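Chains as they are written, first to last, in our numbering: chain D, 1 to 114; chain U, 1 to 114. Ideal Cβ positions, reconstructed from N, Cα and C, are used throughout, including at glycine. Everything numeric in this text was worked out from a predicted model, so none of it was measured.
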Amino acid sequence: ETGVTQTPRHLVMGMTNKKSLKCEQHLGHNAMYWYKQSAKKPLELMFVYNFKEQTENNSVPSRFSPECPNSSHLFLHLHTLQPEDSALYLCASSQGGRLQETQYFGPGTRLLVL
Amino acid sequence: DQQVKQNSPSLSVQEGRISILNCDYTNSMFDYFLWYKKYPAEGPTFLISISSIKDKNEDGRFTVFLNKSAKHLSLHIVPSQPGDSAVYFCAASAGRGGSEKLVFGKGTKLTVNP
């Protein structure tokens, strides 16, 4: 596997379910990101991890809980979501620790909350 | 309040002609700009970037122009090819003295007709 991978690619869950999204990067990067893309809205940054430390939480509700066990893996734990949380969730990575870095994106997880 | 605006949701161009995608921004702290391309069912792919110390950056068929006084940038694709049909996102960040996070526009869907 190369680049940034995400699993699952599609997920349907009920409002009482608990699920997790997984992201893995094979680029040797040290920064990882979660983005949300809702219909007809720009990509919205959710969380940033730099060298496994969370450096940005963009006012995300606590029903979204990120975890970064190492520089290659990033999880987004989902709990008691709402239908309006249905969106495309994208993971990205970048070199880390430098300004003006290019971010490389995974294919995304299409989430539907019923 | 959108800091990065792509006012044209779609653009249709004939193969071989020039495609011009536009982007406006409001935050004067932005000093690094990127264009991403996104095909259906894939994550955004980095295309080209420009730092605010330049007003033009070229990579093959793709050229990005930056007009800092107008807070405007554009992506030129020439000649356009059917494989260029995708959604194009403009993104900006403020590296010096501001947040390094990327702020995205809503995207412009480009269709290149054979």
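Between SER80 of chain U and chain D, is any beta-carbon pair separated by less than 8 angstroms?
no
Of all the residues that make up the region 41–61 of chain D, which are near chain U by a beta-carbon distance shorter than 7 angstroms?
LYS41, PRO42, LEU43, LEU45, VAL48, GLU56
Min CB distance THR102 of chain D to chain U below 8 angstroms:
yes
Out of D:ALA87, D:THR80, D:ALA31, point me to the one whose CA is closest to GLY108 of chain D's CA.
D:ALA87
Proximal residues of chain U, C-beta to C-beta of GLY108 of chain D below 7 angstroms
GLY43
Let me confirm a value: LYS41 of chain D is counted as buried when at least 16 other C-beta atoms fall within 10 Å, else exposed. Which label applies?
exposed
Exposed or buried, MET15 of chain D, counting other C-beta atoms within 10 Å across all chains shown (16 or more means buried)?
exposed
VAL4 of chain D, buried or exposed, once every other Cβ within 10 Å from all chains shown has been counted against 16:
buried
Could you check if LEU197 of chain D is buried or exposed, using at least 16 other CB atoms within 10 Å of its CB as the buried criterion?
The question about residue 197 of chain D has no answer here: the residues shown for chain D are numbered 1 through 114.
Beta-carbon separation of HIS77 of chain D and SER59 of chain D under 8 angstroms?
no
Where PRO9 of chain U sits in the DSSP three-state scheme:
coil
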